[in-house]
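Asks: What follows is a single structure, and I will ask about it in a moment.
2 protein chains.
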Amino acid sequence: MKLNAKILGMESGGSPVVVLNVEDAEDLGIRSDSRVWLQLRGKERIAIVNLAERVVEEGTIGVFDEVAKALNIEDGAKITVEVAKFPKSLQHIRDKLKGRKLNEEDLREIVQDVVDDRLDEIELAAFVTALEAFGLSIDEAAGLTNAMVDTGDRLKIKDGPIVDKHSIGGVPGDKTTLLVVPIVAACGVVIPKTSSRAITSAAGTADRAEVLMPVALDIDDMKTVVKKTNGCIVWGGALHLAPADDKFVQIEYPLSIDPLMMPSIMSKKKAVGAEYVVIDMPCGRGSKLKTIGDANLLAKDFIELGKKVGVRVECAITHGEQPIGHTVGPLLEAREALQAIMRKAAVPDLVDKATHIAGMLLELAGKAKGNGQEVAMEALKSGKAEKKLRQIIFEQGGDSEIKPDDLEVSKYGLDVKAERKGYVLWINNSALIAVARAAGSPKDKTAGVQLYKKVGDAVKIGDRLFTIYADKARKLKRAEQILKEDPVMDVAERMHMLVHEVKESPLHKKSFILER
Amino acid sequence: MKLNAKILGMESGGSPVVVLNVEDAEDLGIRSDSRVWLQLRGKERIAIVNLAERVVEEGTIGVFDEVAKALNIEDGAKITVEVAKFPKSLQHIRDKLKGRKLNEEDLREIVQDVVDDRLDEIELAAFVTALEAFGLSIDEAAGLTNAMVDTGDRLKIKDGPIVDKHSIGGVPGDKTTLLVVPIVAACGVVIPKTSSRAITSAAGTADRAEVLMPVALDIDDMKTVVKKTNGCIVWGGALHLAPADDKFVQIEYPLSIDPLMMPSIMSKKKAVGAEYVVIDMPCGRGSKLKTIGDANLLAKDFIELGKKVGVRVECAITHGEQPIGHTVGPLLEAREALQAIMRKAAVPDLVDKATHIAGMLLELAGKAKGNGQEVAMEALKSGKAEKKLRQIIFEQGGDSEIKPDDLEVSKYGLDVKAERKGYVLWINNSALIAVARAAGSPKDKTAGVQLYKKVGDAVKIGDRLFTIYADKARKLKRAEQILKEDPVMDVAERMHMLVHEVKESPLHKKSFILER
Chain A
1 MKLNAKILGM ESGGSPVVVL NVEDAEDLGI RSDSRVWLQL RGKERIAIVN LAERVVEEGT
61 IGVFDEVAKA LNIEDGAKIT VEVAKFPKSL QHIRDKLKGR KLNEEDLREI VQDVVDDRLD
121 EIELAAFVTA LEAFGLSIDE AAGLTNAMVD TGDRLKIKDG PIVDKHSIGG VPGDKTTLLV
181 VPIVAACGVV IPKTSSRAIT SAAGTADRAE VLMPVALDID DMKTVVKKTN GCIVWGGALH
241 LAPADDKFVQ IEYPLSIDPL MMPSIMSKKK AVGAEYVVID MPCGRGSKLK TIGDANLLAK
301 DFIELGKKVG VRVECAITHG EQPIGHTVGP LLEAREALQA IMRKAAVPDL VDKATHIAGM
361 LLELAGKAKG NGQEVAMEAL KSGKAEKKLR QIIFEQGGDS EIKPDDLEVS KYGLDVKAER
421 KGYVLWINNS ALIAVARAAG SPKDKTAGVQ LYKKVGDAVK IGDRLFTIYA DKARKLKRAE
481 QILKEDPVMD VAERMHMLVH EVKESPLHKK SFILER
Chain B
517 MKLNAKILGM ESGGSPVVVL NVEDAEDLGI RSDSRVWLQL RGKERIAIVN LAERVVEEGT
577 IGVFDEVAKA LNIEDGAKIT VEVAKFPKSL QHIRDKLKGR KLNEEDLREI VQDVVDDRLD
637 EIELAAFVTA LEAFGLSIDE AAGLTNAMVD TGDRLKIKDG PIVDKHSIGG VPGDKTTLLV
697 VPIVAACGVV IPKTSSRAIT SAAGTADRAE VLMPVALDID DMKTVVKKTN GCIVWGGALH
757 LAPADDKFVQ IEYPLSIDPL MMPSIMSKKK AVGAEYVVID MPCGRGSKLK TIGDANLLAK
817 DFIELGKKVG VRVECAITHG EQPIGHTVGP LLEAREALQA IMRKAAVPDL VDKATHIAGM
877 LLELAGKAKG NGQEVAMEAL KSGKAEKKLR QIIFEQGGDS EIKPDDLEVS KYGLDVKAER
937 KGYVLWINNS ALIAVARAAG SPKDKTAGVQ LYKKVGDAVK IGDRLFTIYA DKARKLKRAE
997 QILKEDPVMD VAERMHMLVH EVKESPLHKK SFILER
C-alpha cells in the first residue's frame, strides 16, 4: 500500500512511530501497536503503528520525527507500507524467556533487529530482563560482543599495539582517564579512548573532557587526532560504535539492571580495535561492586570474555569507598586533573590510580617490564604527559594553553561546615552524587562539589567540609534539601557502629550505577 | 502547571499518551518518555510524554484518545500537569528482577499501579518476564489473585452455593461451557459464567455464545440474568472484574508467555463469588499441556492456590489431542452445541466432557453424591438443560426459539478430500486453528471448519475430510495456503513413525496458547 507522508512534528522519545488512519489500517489487516514495514527510495524501516480517525486522513501516513529522520521523509512523500513480518529474532527471545542458552547466530539476529528497530519496547524489555534473570554464559556474552561490534562502525588504525581502559564506574570524581590517556600516549602507545556522558553519575569522562576540548568528533576526525597524537578523549555517543548498546541502555536504565554490561564494554573496546584492555573495578561500599570477592569474580569473567573475543584483558581492582581527589562535577574535575598533570597540586590518590592503570597498559603493550607504574610516573613528572594532553586538546579543537585558573565554577556556593570535631568516618558516594546532580551537574558543567576533607581527616568544629556550587539559587536549594535527607559525610570522635536500625519491612532506596 | 487540552484524535493502542511542547516539557523538567501526572475535575491519571515542537503549542497539551476517555477531557479543558512521582511499586518490580519473593503488600502496590496505568510497558514487560523466569510461589500467586480481585468490581449474589468452571484452553472446538452452564443451572446451582473472546484460538466461549445471544452485558444485567436463571454466559471484557489482568495479557501475548495464568483465572472466579471451581485441563500433543504429568502438577498448584484464596478447586484432566466435536468457528460451534443439547445430533465426546465437568460441579455443590455425571446426563436427556439454555438466551436478550437451521455458515466453502485411503492418524490442533483463523474466525462468526473425520476414523480415497468456510474468497485462499504449509490431518494405512527429521539447528515455530 502506498501512503502520502505527513510529518507530524512529534517525538516519541526513541521508538519509531507512525500514525495510520483506521480505514487504511483495517485494509492492511493490522491493529494498533502492530508493526509496519516502510520503504522510501530504497531505504526501509520498521515502525510501530498508532491509529487515528481524524488527524491522519485515509491515504495518509503520519510520521513521528524519529521515522522522518531515519527515512529522510518530506511532507507528501509516497511511502510503501506493509505489515511487518514477524521478526525471526523474537523466537530466540522467547527461547531465552524459557531459560535456553542462545548461540552466536541467534544473538546476531537479535542484535541486528535491535539496531534496525525491528523489536519494540516490550520485546526488548523482556530480553534484557531474561538476560538479567537467567544470566549470560561467557559464550553468550562473546556472541553478543561480536554481534554488537559487527552491527556498528569500527575504527581502523594500522599501527599497534592499541590499548584501552574502562572503568565500570560508581566512584564520584573519577577523572583517572584524563591522566591515563596522555601518559600512555606520551609513552608511544596508541589509546583511542571513547567515553560516555554521565547516565547515573555526576559526570562522565566525556562531560569532564568537554570542559577542556570538543569531544563530539566523528570517526574520521577521531582517527586523525589519534594518528597525530597516539590518543584522544572523545564522546562515543556520536560514533555509531556498537550502536545496539545505546538501545539496550535505554531499557536497562529505567529497570535499574545492566545484564549487558560485559558485552557492552567489550564491544566498544573491540570496535576501536583495542588489543589490550585494562578494566578498572572500583570496589567497596557505595560503589558498583560491594566486595573484593565480587570484583574478583567479575574480573575472571572479563578476562575469560576477552579470550573469547580476542582481547587481552587485565583488571585493576581499586578502592571505591570515597571520591577520587577532592572534586565532583565536570569543570571542577577537569580543573583538578589539569592541576595534577601540571603538578600544581598534589592529588595523590588520583595520581596513584592513574599511574597504576597506565603502567598496566604500558606493560601489556610491551613498553615496560615490571616497572609500568614507574614509567608512567616518569612521563607525568617529566611534563611529557602534560605536553601530550595539550597536544590532544589542540588536535580536538580546544585551547591548548588552557590554565586551571581559566576554569571558573558556578556563582552560587554553599559551604557545609563541621558541627562537631573528630574524624571523617565515611563519605556516602551515592548521596554525594545526588547532591551534585541536584546542584546541576553534569548538565551545568560548572556545578558540583569541592571537598576539603576525606575519610580519616581530622576535623575541628566549624571547618569547611565541602562546598556545593550551582548556577541557580533554586538548584542550590534543592541540593541542600537532598543533603538534609541523606548525609554525605559523617564526622565523629569514635567509630559509630550502627549503620541503621530495621524495625519493619524496609523500602530500601538502592542507588543504581550505570556507566558505559 | 496548567495546560489547555487539545484532543489529537489518535490512539496509541493501550498506553496513555500525551504530547507536550518541548518548552513546557523543559519547564517541567521532563524528558520524552517520562511520565506526567494529570488532573482534571478531581480525576487523575498518569501518562507517558511524547514531545512536539509544532503540533502542540506552548501552553497546550495534546491528548491521545485513551487519556481523553479516562479523564473525560474536552478540547480546551484546563489540565493540571506535573512530573509523576516515582511509583513505589517499581522498587518491588526491581526486587523481583533480582529473584526476590514479593509479599502480598508488594504485589498489591504493583497491581494497583497497573490498574491506574502508573507503570509503562518496559516496566510491565520486565515484571511479567521476571515472573516467568523466576516463577511464582503459591503465596505470590495468592497475593496477586487477591490484589487483582480487590482492584476490580465484584459480583455479589446472596444465594449459594456458587460454582464456576474454566478451561485453560488449547483445544479447538471446545464448546463445553455452552452445555455445562445450562446443565448446572437447570439442577439449581448458581453458575455466573464469564468468558473471554479468542486471543490465540479460533473462537472463545464469548464468541460462540454471541451467536446465540448478546454477551456484552454490564454487571447489573448479568446479576439480573443469574437471579432469574441461576446462570449466564457473558463476556468478561466489559465487566471490570480483575481489570489488571487485561493489562497483563497485553504484555503476555506478544511475548508468548503467561506466568500470570493461575492468578488471572482464579481472580476472575473469585470476583464472581465462586466457592467451587472446576478447572478443565485439556492435555496432549497440540494442546497447552503436553503431558499428563504436567497437568497433574498444574492441578496440584491450582488446588493449593484455591485453598489459599478460599476457593475449593477440582481439576478435570481431559483429552486434548484433537478438537471437541466436529466444528471449529463461532457459528459452527454454537450450532453443534445447540444440536447436542437438543439431542438432534450425537456429539459423544462433547456430551461426555460436559456432563463430567457439570457432574463434578454438582457434587461440589452438594447436588449429587458420587453420581454427578448421571445427574448431569439426566438434566440433558430430560430436556431441562435445553430449556434452561433457552431461558438464559431469552434473559440475555437473544431469540429463545433459535433453531440449528437458523444458523447459516459463510457462503464460500472449500472441501478437502482424502488423497489416499486408510485411517486418520492425527489432527494437528494448531494447524487447524491457523486455518480457521485465516478463513476469518473468530471475527467473521460464520467462518470456520466443519470436520467429517476424526482420529481413528476409516477413510476412503475421495472422502471429504473437512470443509473450510469463509465470508470472502480472499480469506478462503489464505486458509488454503496455510493448509498447504501445515497439514491439518494425516491419513495413512499404517502408523507413520517419523514426526520429522532434524538436520540442522531448527527454527521451531511453536504455537502459543493464551486463553483467559
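In order, the protein sequence lines correspond to chains A and B. Numbering-wise (this note's numbering), the first sequence opens with residue 1 and increments by one. Numbering-wise (this note's numbering), the second sequence opens with residue 517 and increments by one. Just so you know, even glycine gets a beta-carbon here, dropped at the ideal spot from N, CA and C. Keep in mind that this is a model prediction, so the values were computed, not measured.
Could you please give me the residues that DSSP links to S683/B through a beta bridge?
Replies: As a first step, residue 683/B is located in the second sequence; it is residue number 167 there, counting from the start. For S683/B, which the question treats as bridged, DSSP gives the partners D796/B.
Asks: On the DSSP bridge assignment, give the partners of Q322/A in chain order.
Replies: The residue you call residue 322/A lines up with position 322 of the first sequence. Paired residue(s): none; Q322/A is not in a bridge.
Asks: Between the alpha carbons of R990/B and G964/B, how many angstroms are there, rounded?
Replies: Counted from its first residue, the second sequence places residue 990/B at position 474. Counted from its first residue, the second sequence places residue 964/B at position 448. One C-alpha to the other measures close to 14 Å.
Asks: In the DSSP assignment, what are the bridge partners of Y412/A?
Replies: As a working mapping, residue 412/A is identified with position 412 in the first sequence. DSSP output for Y412/A lists A470/A as bridge partner(s).
Asks: L524/B versus chain A: which residues are under 7 Å apart at the beta carbon?
Replies: Locating residue 524/B in the second sequence gives position 8, where the first residue counts as 1. What L524/B touches in chain A: V55.
Asks: Between the region 232-260 of chain A and chain B, which residues of the former have CB atoms less than 7 Å from a CB of the latter, in chain order?
Replies: Listed by position, the residues of the region 232-260 of chain A near chain B (Cβ gap below 7 Å) are I251, P254, L255, S256 and I257.
Asks: What does a CB cutoff of less than 6 Å around L923/B pick up in its chain, not counting 5 residues either side in sequence?
Replies: Your numbering for residue 923/B matches position 407 in the second sequence. So the qualifying residues of the chain are L847 and R851.
Asks: Give me the chain A residues within the contact set of I638/B, using Cβ-Cβ distance strictly less than 7 Å, ordered along the chain.
Replies: Within the second sequence, the letter at position 122 stands for residue 638/B. Correct list: E121, A125, I251, P254 and L255.
Asks: For I984/B, which of G836/B, T721/B, V932/B and A947/B has the nearest alpha-carbon?
Replies: Position 468 of the second sequence, counting from 1, holds the residue named residue 984/B. The shortest Cα separation from I984/B among G836/B, T721/B, V932/B and A947/B belongs to V932/B.
Asks: Cβ of V535/B less than 7 Å from any chain A Cβ?
Replies: Looking up residue 535/B in the second sequence gives position 19. Closer than 7 Å: yes.
Asks: Please report the Cβ distance between I279/A and G231/A, rounded to the nearest whole angstrom; I am assuming they are in contact, meaning their Cβ atoms lie under 8 Å.
Replies: In the first sequence, residue 279/A corresponds to position 279, counting from 1. In the first sequence, residue 231/A corresponds to position 231, counting from 1. Contact flag wrong, Cβ pair sits at about 18 Å.
Asks: Closer than 8 Å by beta-carbon distance: list the chain A residues that pair up with E837/B, in chain order.
Replies: For the purposes of this step, residue 837/B is taken as residue 321 along the second sequence, with counting starting at 1. The contacting residues do not exist; E837/B stays about 23 Å from chain A at best.
Asks: Just to confirm the assignment: which complete beta strand (DSSP E) runs, minimum length 3, are found wholly within the region 185-234 of chain A?
Replies: The region 185-234 of chain A contains these whole beta strand (DSSP E) runs: 191-195.
Asks: Between the region 490-507 of chain A and the region 546-566 of chain B, are three or more C-beta pairs nearer than 8 Å?
Replies: No: fewer than three Cβ pairs fall under 8 Å.
Asks: Using only the alpha-carbon positions, how far apart do S201/A and G14/A sit?
Replies: As a first step, residue 201/A is located in the first sequence; it is residue number 201 there, counting from the start. As a first step, residue 14/A is located in the first sequence; it is residue number 14 there, counting from the start. Looking at the two C-alpha atoms, the distance is approximately 22 Å.
Asks: Over what stretch of residues does the alpha helix (DSSP H) that includes E542/B continue unbroken?
Replies: Indexing the second sequence from 1 puts residue 542/B at position 26. Where E542/B is concerned, the enclosing alpha helix (DSSP H) stretches over V538 to L544.
Asks: Between R312/A and the rest of its own chain, which residues show a CB-CB distance below 8 Å, the 5 nearest in sequence each way excluded?
Replies: Numbered from its first residue, the first sequence carries residue 312/A at position 312. E275, Y276, V277, G306 and L364.
Asks: Based on Cα-Cα distance, which residue from T291/A, P487/A, I341/A and L380/A lies nearest to K403/A?
Replies: By one-based count along the first sequence, residue 403/A stands at place 403. If we check each option's Cα against that of K403/A, I341/A comes out closest.
Asks: Excluding the five sequence neighbours on either side, which residues of its own chain have a C-beta within less than 8 Å of the C-beta of T745/B, listed in chain order?
Replies: The residue labelled residue 745/B in the question sits at position 229 within the second sequence. Within the same chain, T745/B has close Cβ partners A701, K904, Q907, I908 and E911.
Asks: Is the closest heavy atom of the ligand COA to the C-beta of P920/B under 6 Å?
Replies: Absent from the structure shown: the ligand COA. Ligands present: none.
Asks: Among V940/B, D761/B and I684/B, which one has its Cα closest to the Cα of S783/B?
Replies: Here the question's residue 783/B lines up with position 267 in the second sequence. That would be D761/B, whose Cα lies nearest to the Cα of S783/B.
Asks: Under a three-way DSSP split, which group does R906/B fall into?
Replies: Residue numbering aside, residue 906/B sits at position 390 when the second sequence is read from its first letter. R906/B: helix per DSSP, three-state reduction.
Asks: Name, please, each residue of chain B whose Cβ falls closer than 9 Å to the Cβ of L97/A.
Replies: Locating residue 97/A in the first sequence gives position 97, counting from the first residue. Chain B residues near L97/A: T645, E648, A649, L771, S772 and I773.
Asks: I need the DSSP call for N520/B, collapsed to helix, strand or coil.
Replies: Counting from one through the second sequence, the residue named residue 520/B turns up at place 4. Of the three classes helix, strand and coil, the one that applies to N520/B here is strand, per DSSP.
Asks: Determine the direct distance from the alpha carbon of D1006/B to that of L941/B, and round the result to whole angstroms.
Replies: Within the second sequence, the letter at position 425 stands for residue 941/B. Within the second sequence, the letter at position 490 stands for residue 1006/B. Each residue's alpha carbon lies about 6 Å from the other.
Asks: Is it buried or exposed for N371/A, if we count other Cβ within 10 angstroms and need 16 for buried?
Replies: Position 371 of the first sequence, counted from the first residue, corresponds to residue 371/A. N371/A comes out exposed.
Asks: Have a look at the DSSP bridge pairing and note the partners of N566/B.
Replies: For the purposes of this step, residue 566/B is taken as residue 50 along the second sequence, with counting starting at 1. In the DSSP output, where bridge partners are listed per residue, N566/B has V535/B.
Asks: If distances are taken between C-alpha atoms only, which option among L465/A, P487/A, K158/A and R208/A comes closest to A418/A?
Replies: Residue numbering aside, residue 418/A sits at position 418 when the first sequence is read from its first letter. The option with the nearest alpha carbon to A418/A is L465/A.
Asks: What is the DSSP secondary structure of A1008/B, counted as helix, strand or coil?
Replies: Here residue 1008/B corresponds to residue number 492 of the second sequence, with the count starting at 1. It is a strand residue.
Asks: Straight-line CA distance for G938/B to D973/B?
Replies: Residue 938/B sits at position 422 when you count from the first residue of the second sequence. Residue 973/B sits at position 457 when you count from the first residue of the second sequence. Rounded to the nearest angstrom, the two C-alpha atoms are 8 Å apart.
Asks: CB D723/B to CB A714/B, shorter than 7 Å?
Replies: Numbered from its first residue, the second sequence carries residue 723/B at position 207. Numbered from its first residue, the second sequence carries residue 714/B at position 198. In this structure, A714/B lies closer than 7 Å to D723/B by Cβ.
Asks: Taking Cβ to Cβ, would you say L757/B is nearer than 7 Å to G914/B?
Replies: If you number the second sequence from 1, residue 757/B lands on position 241. If you number the second sequence from 1, residue 914/B lands on position 398. No; because the gap between Cβ atoms is not below 7 Å, this pair is not in contact.
Asks: With a 10 Å radius around its C-beta and 16 neighbouring C-beta atoms as the bar for buried, classify N103/A as buried or exposed.
Replies: Residue mapping note: residue 103/A aligns to position 103 of the first sequence, counting from 1. With fewer than 16 Cβ atoms within 10 Å of its Cβ, N103/A is classed as exposed.
Asks: Can you tell me which of A986/B, D987/B and K970/B puts its alpha carbon nearest to the alpha carbon of D979/B?
Replies: Your numbering for residue 979/B matches position 463 in the second sequence. It is K970/B.
Asks: For the beta strand (DSSP E) that R35/A lies in, which residues bound it at each end?
Replies: What you label residue 35/A is simply residue 35 of the first sequence in a count that begins at 1. Here the beta strand (DSSP E) through R35/A covers R35 to L40.
Asks: Any chance you could list the alpha helix (DSSP H) runs of at least 4 consecutive residues sitting entirely within the region 554-637 of chain B, in chain order?
Replies: 581-587, 605-613 and 620-631, all fully within the region 554-637 of chain B.
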